[in-house]
Amino acid sequence: MNEGHYLTAIESSPLNKVGAFPSKLGWIAVTWSNQGVKNVTMPKNSCQLALNSLEVQIRTIVSTGIPPSYVIDQIQACLEGRLPECESPLDFQDVPPFTKAVLEKCKEIPIGETRSYSWIAVSIDRAHAYSCLLYTSDA
7 MNEGHYLTAI ESSPLNKVGA FPSKLGWIAV TWSNQGVKNV TMPKNSCQLA LNSLEVQIRT
67 IVSTGIPPSY VIDQIQACLE GRLPECESPL DFQDVPPFTK AVLEKCKEIP IGETRSYSWI
127 AVSIDRAHAY SCLLYTSDA
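Basically the numbering used here = 1-based index in the sequence shown + 6.
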C-alpha cells in the first residue's frame with residue numbers, strides 16, 4: 007500500500023466505506039456510511055497500522071475511498087485543538103446499546119475534564135459495569 011496517498015481500495019459492503027489520511031500526529035483511519043462517521047482511529051505510524059486497528063469493522067466495509075473532506079477537516083481541527091466539538095454526523099446504527107450509552111455520556115464531559123470509568127457506569131445506571139468500559143473506551 008502506498009503510504010504517500012490516501013487509501014483507495016479494500017474489500018467492503020455497499021453503505022460502509024473505509025479510508026485513511028495523514029495528520030500531523032500520524033495516519034488516521036475512518037469508517038463511514040451515508041448516515042455519518044462510524045469509527046475513527048487514534049493516529050498511527052502508518053496507513054496500514056491505522057487500517058489494521060479497524061480490523062473488526064472492516065469486515066462490514068463495502069467500498070473504500072477518501073473520507074469526506076468535512077470529516078478530515080474536523081478531525082484535523084480537533085487534533086490541533088481548534089474545534090472543541092465534533093460536528094460531523096455520527097452513525098450509531100451498528101453500535102450496541104451499552105456502547106452507545108457510554109459514548110453519549112462521554113460527550114457530556116466538558117473538554118479538559120476527566121471522569122472515572124465508575125462515574126460513567128453509575129451515570130448510565132450500570133454501576134457494576136465499569137470494568138466493561140475498559141474495553142468499550144478503546145472502540
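Glycine included, each C-beta is placed from N, C-alpha and C at the ideal position.
Note that this is a predicted model, so its numbers are computed, not measured.
{"query": "What is the DSSP secondary structure of ASN8, reduced to helix, strand or coil?", "result": "Residue confidence is low: ASN8 scores 40 on pLDDT, short of 50, so the model does not pin down where it sits. No coordinate-derived value is stated."}
{"query": "In the DSSP assignment, find the alpha helix (DSSP H) that holds ASN58 and state where it starts and stops.", "result": "53-58"}
{"query": "My assumption, with CB atoms under 8 Å, is that PHE98 sits in contact with LYS106. Please give the rounded CB distance.", "result": "5 Å"}
{"query": "If you count every other CB in all the chains shown that lies within 10 Å of the CB of LEU60, and 16 or more means buried, which is it?", "result": "buried"}
{"query": "From the DSSP output, which residues share a beta bridge with VAL46?", "result": "VAL36"}
{"query": "Closer than 7 Å by C-beta to GLU93: which residues in its own chain qualify, once you throw out the five before and the five after it? Chain order, please.", "result": "GLN80"}
{"query": "Whole angstroms is fine: what's the gap from TRP104's alpha carbon to ILE130's?", "result": "In the sequence as displayed, the identity of residue 104 is Phe instead of Trp. Going by the C-alpha atoms only, they are around 9 Å apart."}
{"query": "With H, G and I counted as helix, E and B as strand and the rest as coil, what does DSSP make of VAL128?", "result": "helix"}
{"query": "So what's PHE104 in DSSP terms, helix, strand or just coil?", "result": "helix"}
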